[in-house]
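Let me begin by presenting the structure, written as structure tokens, before commenting on it.
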Amino acid sequence: MENKEKKGNAFTNNPIVKAVGAQKIVVLLAVILLYVVFFVMSSSFRQYTTLVSLLDSSYYIGFMAIGVTFCLITGGVDLSIGTGMICYALMGAFCIVKLGMPVGVGMLICVVAGIIFGFFNGFLVAILNLPPFIATLCTMMITRGLGSIFTGGLSIAWPSSSTPQGWFRTIFKINTSGVLLPIGIVFLVLAVVIMSLVLNKTRPGRYIIAIGSNKEALRLSGVNVVKWQWLAYVISGFFTGLAAIAYAGVLSSSVAPGSGAGLELNAIGAAIIGGTSMNGGSGTVVGTLLGVLIMSLLNIGLPNIGLQANWQQIITGLVLILAISLDVFKNKKLARA
Amino acid sequence: MGEVILTMKGIDKSFPGVHALDHVDLEIRKGEVHALMGENGAGKSTLMKVLTGIYSMDEGSITYEGKQVTFTNPREAQAAGIVIVHQELNMMNHLTVAQNIFIGREMMSGKLINDSKMNKEAIKLFQKLNIDINPNDKMGDLTVGKQQMCEIAKAISHEAKVIIFDEPSAALTETEIEELFKIIRDLRDQGLGIVYISHRMDEIKVITDRVTVMRDGGYVGTLITKDSTKDDIINMMVGRVIYEDPKTESNVAPDAPVVLKVEHLNAGKMVRDVSFELHKGEILGFSGLMGAGRTETARALFGADPKDGGDIYINGTKVDIKTPMDAVKAGIGYLSEDRKRFGIVVAKTVAENSTMANLDNFTSGLFINKKKENQIAQRYVEELKTKTPTVDTEVVNLSGGNQQKVVIAKWLVRNCDILIFDEPTRGIDVGAKSEIYHLMNELVAEGKSIIMISSEMTEVLRMSDRIVVMCEGKKTGEIDIAEATQENIMHAATLRD
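The listed protein sequences derive, respectively, from chains A and B.
To convert, take the position in the first sequence, counting from 1, and add 1310; that gives the numbering used here.
To convert, take the position in the second sequence, counting from 1, and add 50; that gives the numbering used here.
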């Protein structure tokens, strides 16, 4: 057992593959492959506007996925992100449209509400020791109901880009002489870089990984596991708040209560496709970003080759099964090692 | 005692690195209660696992009811009438008593399970045992004693001819033990062969007819219980040649200050009114049999489990330790008996595990200083002679002894003055063992103090300056190394009140 050399094939032993991680390269290849397939099969997919809308959906799924990656790495999950995102977007819209607040305040409300609910989830999981799945399922129902109450069950639109209050939409898209520049990608990539650093280079990140790997060992090392587990849910809430802004910013129509259910699975699925383990202890933010691109490609690409919503769900489900099977397979190998 | 029903002869079994059973003999007669005794790790459980087909044997033969047999799994043994009542009860708490007893062989009417028939059958079984349990109760609602009775009922429902009791009294109250003994005597009088595994010397005298003693995987001898004394049995259990020289006198200066004082520590059933002192530069051995409450004492002291009461003083100052965080702040480090589960974060690297208890000191600004972390990890890899390709190697790829060194490094990086070593050499090969011993001696020479919990008598006698002995959650002895012998330690370890 001592100094055991890891076995592998030519691919996994390649130094570049080792440095980046085999799963990320496979997912990157899958992103390219999917893109090429849709590109060849569909003329509408080849249009520039399709690329822009593909990125549009990447923003909000991406922010949610970055946040939930931290929960998953602790060995938990946050199911409240989908309905939470809609709830915060509705709260923001309500404050701007009905109460006449500036749009900047509306955005701040999204983020603060996200942090508050993240705090709440963290309390349920880290202090009360509720199973994360159940605790965040409850928060999912609470946020869904709360969003509807705020608007009296009606849809509300954030200010459109033609109004002075619509400046916030230029965070994601700038219209320069008729061409839409999707600059939101800059913020998404920036978030990935920052959170990658947090996860891999800072104490909170190190502890969050260690909680997922062996919480009791970390506790017996004299580390405050409650605090760091709690933080993972606050991070998830914060990024759900950002996702709410992105959702409002790219959606030209109004935000509808009840439309967020199921979106959490897009984000969680993205993280898992990107190599984050359902059992906790491992995962990367860059992998999550690649997973997000896969989800967005499926969401936008499948309708373009004539497969409508129902088919889209079936295929997304199958892709997730594939990703989770890979995770289970990896864990089995680890257990045998 | 009737005729011989079961003979195990020359049973030999090796695992990688361990000769677990060395040509062991055992003979069970109809209508006898036969004690199987030995220290922790003597090979009692392994022998029973070979008998019931959980392990295969390398050499030897088993004769059962006049025929040579080999069971390849417990089901085959069960079908032949050899059944184990386990120490940890294997019951499904959410099912009823009858459903548990007949699990896997439910009585059917057509395609449906016939619960009322199973209840009736269960009542018949209980009548045989002269006990009163409602077969329709949920298993989880019964006391441990009653659950054990159900396990016995399950055993006789298999038409058992030989029943093995593995430490049956460990979790029982006095009255429950009385009831258990009554049942065991009944079964014996019905002509069953009973194997009774226990550490409790006084029980052996009360319930058994013969005693077979094992030591270090070997067969020592068989005695008639009523013709032998407690001392005869203890001498057979411990009378080995000790390979390593035991310590003859304490290395601690008589005026060495007390660094840790524990007074009246209480935590649950397993830690009852434990008090002791630890001196600077001392190795304080904690001896006792399995379930004596030593690990529980350490965990309560360290704040890993809640305390019911008791005071802890470090260097004369009272400290309030509620969590492991408090303990670490007070300068205590704990090396768990179960490294894989509690000691290290296994999927991570040597360097990351080394700084896990003291990451604050390896953070510059926002970020972890990887260079500094690698330097300190490298330093301790060299100092402790940890065999690892690099400090970035994942700990899961190291051997047990080297994993233990990584855990020691973690507490040395933290600069803890009081270290609790819980079974420091469990599962470690002989070479690495003496390295760990050497390391512990160096640590106390540098002025650190060590509490060493160990189930190995030779280890206790070789390393300790003083020995605290525990039995059933209580401190039953404190022996200076100059006066310590295997016999007086074992006496204290079996001292029940």
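Where is the CB? At the ideal position from N, CA and C, for every residue including glycine.
These numbers come from a predicted model, not from an experiment.
Straight-line CA distance for residue i to residue j?
{"i": "Pro1514 of chain A", "j": "Val1535 of chain A", "result": "10 Å"}
{"i": "Ala317 of chain B", "j": "Leu1528 of chain A", "result": "22 Å"}
{"i": "Arg1646 of chain A", "j": "Phe1639 of chain A", "result": "Bear in mind that a pLDDT of 49 at Arg1646 of chain A, under 50, signals an unreliable position, so the number given afterwards is only what the model happens to contain. For Arg1646 of chain A and Phe1639 of chain A, the distance between alpha carbons rounds to 11 Å."}
{"i": "Gly271 of chain B", "j": "Ala127 of chain B", "result": "26 Å"}
{"i": "Phe1602 of chain A", "j": "Val1346 of chain A", "result": "Note that residue 1602 of chain A is Val in the sequence shown, not Phe. So the two alpha carbons sit approximately 17 Å from each other."}
{"i": "Leu1361 of chain A", "j": "Leu1612 of chain A", "result": "13 Å"}
{"i": "Pro374 of chain B", "j": "Met1411 of chain A", "result": "48 Å"}
{"i": "Gly343 of chain B", "j": "Leu315 of chain B", "result": "12 Å"}
{"i": "Lys204 of chain B", "j": "Ile151 of chain B", "result": "5 Å"}
{"i": "Phe412 of chain B", "j": "Ile426 of chain B", "result": "9 Å"}
{"i": "Pro304 of chain B", "j": "Asp515 of chain B", "result": "11 Å"}
{"i": "Glu537 of chain B", "j": "Val288 of chain B", "result": "7 Å"}
{"i": "Val302 of chain B", "j": "His329 of chain B", "result": "8 Å"}
{"i": "Asp376 of chain B", "j": "Asp295 of chain B", "result": "38 Å"}
{"i": "Gly1462 of chain A", "j": "Thr1379 of chain A", "result": "33 Å"}
{"i": "Lys1483 of chain A", "j": "Ile1493 of chain A", "result": "6 Å"}
{"i": "Leu1607 of chain A", "j": "Lys455 of chain B", "result": "49 Å"}
Comparing the C-beta of residue i with each C-beta of chain A, is any distance below 7 Å?
{"i": "Leu145 of chain B", "result": "no"}
{"i": "Met320 of chain B", "result": "no"}
{"i": "Met490 of chain B", "result": "no"}
{"i": "Thr413 of chain B", "result": "yes"}
{"i": "Leu416 of chain B", "result": "yes"}
{"i": "Leu409 of chain B", "result": "yes"}
{"i": "Pro356 of chain B", "result": "no"}
Answer yes or no: do residue i and residue j have a C-beta to C-beta separation smaller than 7 Å?
{"i": "Gly103 of chain B", "j": "Pro124 of chain B", "result": "yes"}
{"i": "Cys1381 of chain A", "j": "Ala1554 of chain A", "result": "no"}
{"i": "Ala1436 of chain A", "j": "Gln1539 of chain A", "result": "yes"}
{"i": "Lys80 of chain B", "j": "Glu115 of chain B", "result": "no"}
{"i": "Pro185 of chain B", "j": "Asn169 of chain B", "result": "yes"}
{"i": "Val147 of chain B", "j": "Asp187 of chain B", "result": "yes"}
{"i": "Met51 of chain B", "j": "Ile112 of chain B", "result": "no"}
{"i": "Gly1457 of chain A", "j": "Cys1405 of chain A", "result": "no"}
{"i": "Met199 of chain B", "j": "Gly523 of chain B", "result": "no"}
From the beta carbon of residue i, is the nearest beta carbon of chain B less than 7 Å away?
{"i": "Thr1594 of chain A", "result": "no"}
{"i": "Leu1530 of chain A", "result": "yes"}
{"i": "Glu1526 of chain A", "result": "yes"}
{"i": "Lys1305 of chain A", "result": "Past the edges of chain A, shown from 1311 to 1647, lies residue 1305 of chain A, and the structure says nothing about it."}
{"i": "Ser1523 of chain A", "result": "yes"}
{"i": "Ala1558 of chain A", "result": "no"}
{"i": "Ala1520 of chain A", "result": "yes"}
{"i": "Arg1646 of chain A", "result": "Low local confidence applies: a pLDDT of 49 at Arg1646 of chain A is under 50, so the model's placement there is unreliable, and no value is given."}
{"i": "Asn1439 of chain A", "result": "no"}
{"i": "Asn1614 of chain A", "result": "no"}
Looking at the unbroken alpha helix (DSSP H) that takes in residue i, where does it start and where does it end?
{"i": "His541 of chain B", "result": "536-543"}
{"i": "Lys196 of chain B", "result": "194-207"}
{"i": "Lys311 of chain B", "result": "Careful: Lys311 of chain B lies outside any alpha helix (DSSP H), inside the beta strand (DSSP E) at 308-317."}
{"i": "Ala1553 of chain A", "result": "1535-1560"}
{"i": "Asp282 of chain B", "result": "280-288"}
Would you give the residue range spanned by the beta strand (DSSP E) that residue i belongs to?
{"i": "Glu109 of chain B", "result": "109-114"}
{"i": "Val518 of chain B", "result": "516-521"}
{"i": "Tyr384 of chain B", "result": "382-385"}
{"i": "Lys368 of chain B", "result": "367-369"}
{"i": "Ile500 of chain B", "result": "499-503"}
{"i": "Ile247 of chain B", "result": "243-247"}
{"i": "Gln118 of chain B", "result": "117-119"}
Assign residue i to one of two classes, buried (16 or more other C-beta atoms within 10 Å of its C-beta) or exposed (fewer than that).
{"i": "Trp1468 of chain A", "result": "buried"}
{"i": "Phe392 of chain B", "result": "buried"}
{"i": "Phe1478 of chain A", "result": "buried"}
{"i": "Ala532 of chain B", "result": "exposed"}
{"i": "Pro1474 of chain A", "result": "exposed"}
{"i": "Gln240 of chain B", "result": "exposed"}
{"i": "Phe1443 of chain A", "result": "exposed"}
{"i": "Gly1432 of chain A", "result": "buried"}
{"i": "Phe1427 of chain A", "result": "buried"}
{"i": "Thr262 of chain B", "result": "buried"}
{"i": "Met1451 of chain A", "result": "exposed"}
{"i": "Tyr293 of chain B", "result": "Because Tyr293 of chain B carries a pLDDT of 49, less than 50, the predicted location of this residue cannot be relied on, and the following value inherits that uncertainty. Its Cβ having fewer than 16 others within 10 Å, Tyr293 of chain B is exposed."}
{"i": "Phe65 of chain B", "result": "exposed"}
When you measure from the CB of residue i to every non-hydrogen atom of the ligand GTP, does any distance come out below 6 Å?
{"i": "Lys255 of chain B", "result": "Of ligands this structure carries none, so the ligand GTP is not represented either."}
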